[in-house]
Structure formats: structure tokens, C-alpha cells
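Asker: Take the sequence shown: its position 288, counting from 1, is numbered 288 in full-length UniProt numbering, and each next residue is one higher. Glycine residues also receive a C-beta, built at the ideal position from the N, C-alpha and C atoms.
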Amino acid sequence: MADYLVIVESPAKAKTIERYLGKKYKVKASMGHIRDLPKSQMGVNENENYEPKYITIRGKGPVLKELKMAAKKVKKVYLAADPDREGEAIAWHLAHSLDIDDQSECRVVFNEITKDAIKESFKHPRTIDMNLVDAQQARRILDRLVGYNISPLLWKKVKKGLSAGRVQSVAVKMIVDREREIEKFVPEEYWSIESTFLKDQEEFEGSFFSIDGKKVELPNREAVDKILSTLKGNSFKVDKVNKRERKRNPSAPFTTSSLQQEAARKLNFRARKIMMVAQQLYEGIDLGKKEGGITGLITYMRTDSTRVSETAKKEATEYITETYGKEFLGTPKEAKKAEGSQDAHEAIRPTSVHRDPKSLKSVLSRDQYRLYKLIWDRFTSSLMAPAIMDTVTVHLLNEGVEFRATGSTLKFKGFMKVYIEGRDDNKEEKDKLLPDLEEGMLVEAKEIEPNQHFTQPPPRYTEARLVKTLEEQGIGRPSTYAPTLDTIQRRGYVTLDNKRFVPTELGEIVLDLVIEFFPEIVDVEFTVKMEGDLDSVEEGKTEWVNIIDGFYQGFAKRLEVAEKEMEKIEIKDEPAGIDCENCGNEMVYKMGRYGKFLACSNFPECRNTKPILKEIGVKCPSCKEGNVVERKTKKRRTFYGCDNYPECEFISWDKPISRPCPKCDSLLVEKKSKKGTQIQCTECDYKEESQN
């Protein structure tokens, strides 16, 4: 018979922790929260200090009954939910449901699921931190007051199934504002002058920089021609050669936000998937009996700190020295604490640097391996030496017209031997080598090419860029980003087009209504201040009831005005211009979870629906009669197929182009990679140069 009961959140953790603690401990899982506000009603009493009404979550009765029975059979119960606000609240709810004194030392927390970490944490149990509980309650109650008041209003005035919330409404506003910026954007013409220079048959590139030592704008062809007319011949003198050594420092280990950004950039993972796979790595993977069975591979994945424990630093330092050499070892820097960060945990790191990704490849799924490798690489590189680059800038003169050529070489790889941070533009950095050039030397301009350009509108938000912007502006907290992005897509407020967020008509309508009647909900400054106030509850500086009341008094008045003055909006279906092949009525565009689709206007009598097919201007290479159209898989991956499907089963993951291969007359397709887009033949070895 066990002496102690330990309650964690998930069954996966329960098995691992029970094995670490031994026979005196029985470990059971609560399967997350066991109590919450009711779904069918507000569950918050505005007239009694916003007293929450908690009920046992539907379906959790048997779990709670089992935990109560187990608790009666032991000397002491330890509550070991996750080490964050949510976990603290789960522990508090369990204490109330199981009649455990929340002021007793019943709470155990650990940042990693390893034998040493678990055993150490049970030496230092503590009381439940009511500041953390109150901070979680305040957020939950605030979101309930906003959501359960605005949502029914939107159902009544617009359509059913809509919602509004603090963070999700600001995220939608960012996406809509960006789209409106793009719509209003007027491109401006500008020019550049590029040249290929030749030195002893060795070519290098240079660009126009200045004339007579002054920077000159090139707004049109006339300005370009004026510069070109100043040149005398193609001979340029090397006026200056500037050489310098530049150091590049490694990135800090991951926080929740930076992990979401980098995994989106490098692995093409969605935010929700990143957190799901990270949870699996944290809770433990079966490494086999020789390696200790189920073992947690990373530290807790909800953190806004880049701090690393001294033990982990020491282990990594020894590993880097042994594996790469002493010269690759960096000087550990003190982690910078971001404004508003709680610094409650370490950064996301491997629980042991000695478990390198290659050694675990056979026991991890493909997604687990890729995410673990990213985390391991980033952590290991963060403790390595800076990379050293030799950079060269060459100043080339012809009649006062200056061109500049720049190049760099990697002198010492340092941390780049293990990891290089991704970039939002997905372009790889390349070393540009220059020939040996000395001042006074003459080089020939082989080609001088004027190039016309137009300014581009600001880019739409990718998941990574939106998460980065939300974090930079202090909106929400890293743990909320994945569910927020999921919600605004499920509600039909935004869709993803080519991995970038585009607002829907519905999203713009709802946003404009929220801005008109509840401006504080989408005001960035207000939202940031609210986050700061909620954090002050966590720090024990403010009473949560005061923060809720300060918000709700004004909100309730605006709610009354909205009930009276918000007009009912009818979103009319847009005619598609084609008839239903089943009943002859007109087809219309409808908005669904995954964007627009075609549906019969005679619904519900006729339930005919069809996807919207986007033609790409290419005849089907298989049947020669149909047209190739863009389609989507259930997971929203783009592919190309014949519009005569299922009669013709032609499909291609790569986009076909209209002209045939000049070598064998077969189909040409666009192949995309990080380096750009390359045109290739599907049958022979014909390729065209990459288009960036």
C-alpha cells in the first residue's frame, strides 16, 4: 500500500514519475482541470465581487471520484500539476475538491521530468501560491465577462457562432489593419545600378553608391541616365579597401514565443502543432530499458525566460569542449529578463545535452525529432563562441561616380557549426567572396545594368511574424498565442493564404463593430496595461477584484449602449455566376471554417457544395481537355489537379507552367526551396536558373 498520492495532469507523466519515486508513491492523473466555470451560463456574479461559480467539468466525475478514493487511502496528497498559473489553479481546484488544506505543504513543482529533478522537488514541497491562482482566476473571469457578453450580442446582430475576446480581437485588428495598409499602398518607382566587374578573369558584383561623395536617389530613368553619362569608359579605380573583423553572437535558448517563431520558419509547423509536440517531449518518450524507459527530453515549454541552470551550463560546457574543442566554447552571458517576463522557469532546453538528436532518431517520430533537434541545436549553440567573419568593402571610382562591392568570408564558424537562426524572408545567407584588390588598382566593368524597382507594400503576417509582433507589443502571454491563432481561424475571421493571414469579410465586419462599441477591447495600449495589471496580481501587488471591477464598470455601460444601438447586419451570399448542376438554382459563395466555398442557394432543400477551383492557365497534360486547377488537401496543403476529376486523375504537388520543356516537350513545373523557385522538367534533367 502506498503512503503518498501524487496528482499530475497527464497519464504519460504519471507513469514516469511513479517509476522515479518508488513504491511508497502512487501517481494519478487529473486529466487537466477538474473544475471550471459552467459553459451554459456566465458563472460570474457581478454583484458579489465577481464571485466565480465553479462546477465539476462534464465527464470528469469518474476521475474525481477515483482521486477521492485514492486520497482516503494515503497519509498525504501532493499536487504536482504543471509549474505555471494554469497548473497552480488546477492544484487549487484539486485541493478544494479533495478537502486538502491549501495552506499545507502539498504543492510540488518541477521544470523537467527527470529522476534527479523529480526527487529534488519532493524534498521542497510548498503551499499553493494564491497569487498565481488569483492571477489565473482574474484572466479567466475577465475573458468570461468579455466573451459571454459580447458573443451573444454578435450572434443576435450578425450570425451565430461568433466570439470576441481580449487577445483574439487585437490579433484580428492587426491582420485587418495590415490588409487595409496593403490595399491603400501606392507603389513608388526607384532604380538601382548594378555592375559586374572583372579582375584577371575573376568576376564580382558591385552597386552604385554615390557621386562626388554624396548619396544620390535614383527615382527614375532620367536620374540613372545622368549618372551613366558621367562615366568615362568601363575602367574603375579601386579607391579604398576596408577590411574588418566582425563577430556574430549566438541566439539565446528558446522561450515559448521564440520557439513558435523559429519552428514556424524552419519546420513549417503551425503554433498549435509546435506546442503539442513540445508537450510530448516534455512529458517523456520511451527510450528503452537501457536508457531508463520513459524520460522527459526537454524542460517545461511554457516560459518567457532565457535563463539556464548552472548544472545545465556545466554539462553543456563539458560536452562542447569534448565534442567540438575548447576554442568553440563561449563565455556564458547573463540572461536578459524581458520587461513583464515572470522568469519563473528556465529557457526551453534539453534535459541532458548528452542526448544528442542523432542518438534519439530511432525512438522519436519525425515531428518529435525535428522539434527536439531544433531545441537541442539552439541551446547548445547558445553556449558556444561567436562566429568570426572577415568583411571587405571595396570603393570603386570612375569620374566621381562610386560603386561599392562588399564581401565576407567565414573565418571561424563558432556557434554556426551547430545552428544558425532562421529569417522571416526564408533566404539563406551566402558568403560573397571578392578577389584580392588593392588601392590604386584598375578593374573593368563588364556590364552596367540599370534596374527598375517599385516599393512593396508591408507583408501580410505569417504565424511567426504575428507571434513576434504580439510579444513585442506585450499583448497576451506566450502560452495564449497558439489557441488565439487557432480561434480566429475557426471563427472564420481570417484565413491562411500561402501561409499568410488574410482577413475575411466576416472578420472585418465583426472587428468594425467591436471598435465602434467596445474600443478598449482592441486598443493595444489598453490591452498592454491590462496585462501589466494582471501580472501585478501574480506578484501580489494588486487585488484581482479591483482590476476586474475597474474594467467592468465602464464595459457594462458600453454593453447597454450596444444592445440598443448596434444595428442588425445581414451578410448576403455573393452570387457565383453559375447554376447548381443538381437543381438548377444559383450557386453562391459561403464562408466556412476553411474559407470560402460554393453552395447551392436552395439550401436546405439542395445541399450541393463544391470547392472553389482556381485555374492557373495550364491545360491538363494528361487528358489534354481539362484545365489544371489549384486544390487544397484537408490539411490545407496546396496541390494541382485536373478539373475533370475523377474522370482524369492528374495531380502534381509542384505548380505546372504553360510552356513545355524545350528539351523533351514534357511538363515543366515550379520547384520551391529556401533558395527560391526553380523551373524543372518532370521527365528529363532540364532546369532553369533559380528565380528569387
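#1: Could you check how far apart the C-beta atoms of VAL418 and SER381 are, in whole angstroms? I think they sit under 8 Å.
#2: Is HIS96 helix, strand or coil by DSSP?
#3: How would you write the range of the alpha helix (DSSP H) that ASP143 sits in, first residue to last?
#4: Check whether the region 483-492 touches the region 196-212, taking contact to mean three or more Cβ pairs, one atom from each stretch, closer than 8 Å.
#5: Apart from the five residues on each side of it in sequence, which residues of its chain come closer than 6 Å, Cβ to Cβ, to ARG272?
#6: With H, G and I counted as helix, E and B as strand and the rest as coil, what does DSSP make of LYS13?
#7: Residues in its own chain within less than 7 Å of VAL467 by CB, not counting five upstream and five downstream?
#8: So for ASP533, helix, strand or coil by DSSP?
#9: Quick check on this structure: which residue in VAL629, THR331, GLN456 has the alpha carbon closest to the alpha carbon of GLU188?
#10: Are the CB atoms of ALA387 and SER195 nearer to each other than 9 Å?
#11: As an exercise, report each continuous beta strand (DSSP E) stretch of at least 3 residues that is fully enclosed by the region 432-507, in chain order.
#12: Suppose the cutoff is 7 Å on Cβ atoms and the five residues either side in sequence are ignored; what does the same chain contact list for GLU508 look like?
#13: I'd like the ranges of any beta strand (DSSP E) spanning at least 3 consecutive residues and lying wholly in the region 534-621.
#14: Taking ALA268 as the reference, which of SER359, ASP367, LYS361, GLU567 has the closest Cα?
#15: Express the C-alpha separation of TYR78 and GLN103 in angstroms, rounding to a whole number.
#16: Less than 7 Å between C-beta atoms, sequence neighbours within five positions excluded: which residues of the same chain meet that for PRO125?
#17: How would you write the range of the alpha helix (DSSP H) that ASP116 sits in, first residue to last?
#18: Which residues in the same chain as residue 778 place their Cβ atom closer than 7 Å to its Cβ, once the five residues preceding and following it in sequence are excluded?
#19: Evaluate ASN451 with the Cβ neighbour count: other Cβ atoms within 10 Å of its Cβ, from every protein chain shown; 16 or more gives buried, anything less gives exposed.
#20: In this structure, does DSSP put GLY340 in helix, strand or coil?
#21: Measure the CB-CB distance between LYS173 and ILE515 and report whether it falls below 9 Å.
#22: Helix or strand or just coil, what does DSSP make of ARG244?
#23: Residues in the same chain with beta-carbon distance under 7 Å from GLY43, minus the five sequence neighbours each way, listed in chain order, please.
#24: As a quick exercise: from LEU511, THR504, HIS345, pick the residue whose alpha carbon is nearest that of VAL522.
#25: Counting only the same chain and skipping the five closest in sequence on each side, list residues whose C-beta sits under 7 Å from that of GLY540.
#26: What does the alpha-carbon distance come out to for the pair LYS159 and ASN582?
#27: Identify, in the order they occur along the chain, each residue of the same chain with its Cβ nearer than 6 Å to the Cβ of ASN608, setting aside the five sequence neighbours on each side.
#28: Skipping 5 residues on each side, what residues in its chain have a beta carbon closer than 8 Å to that of ALA2?
#29: Could you tell me the distance, in whole angstroms, from the CA atom of CYS623 to the CA atom of GLU630?
#30: With a cut-off of 8 Å, do at least 3 Cβ pairs link the region 137-157 to the region 550-569?
#31: How would you call CYS620, buried or exposed, if buried means at least 16 neighbouring beta carbons within 10 angstroms?
#32: Please say whether LEU364 and VAL238 have beta carbons closer to each other than 9 Å?
#33: What number of angstroms, rounded off, separates the C-alpha of GLY233 from the C-alpha of GLU399?
#34: So if DSSP puts ASN45 in a beta bridge, which residue, or which two residues, is it bridged to?
#35: In chain order, what are the residue ranges of uninterrupted alpha helix (DSSP H) at least 4 long that sit wholly in the region 365-397?
#36: Taking the alpha-carbon positions, what's the THR255 to ARG349 distance?
Answerer: The short version:
#1: 4 Å
#2: helix
#3: 130-157
#4: no
#5: ALA482, ASP486
#6: helix
#7: SER257, GLN260, GLN261, ALA271, TYR481
#8: helix
#9: GLN456
#10: no
#11: 442-454, 494-497, 500-503
#12: VAL176
#13: 574-579, 586-592, 595-600, 614-619
#14: In the sequence as displayed, the identity of residue 268 is Asn instead of Ala. Selected option, being the one with the closest Cα: ASP367.
#15: 12 Å
#16: TYR78, GLU105, CYS106, ARG107, VAL108
#17: 115-121
#18: Residue 778 lies beyond the range of the chain shown here (1 to 692); nothing can be said about it.
#19: exposed
#20: Here the model assigns GLY340 a pLDDT of 46, short of 50, so the residue's position is not dependable, and the following value carries that caveat. It is coil, neither helix nor strand.
#21: yes
#22: strand
#23: LEU37, PRO52, LYS53, ARG144
#24: LEU511
#25: ASN131
#26: 28 Å
#27: CYS580, ASN582, CYS600
#28: LYS23, LYS24, TYR25, LYS26, LYS73, VAL74
#29: 17 Å
#30: yes
#31: buried
#32: no
#33: 10 Å
#34: GLU51
#35: 366-382
#36: 9 Å
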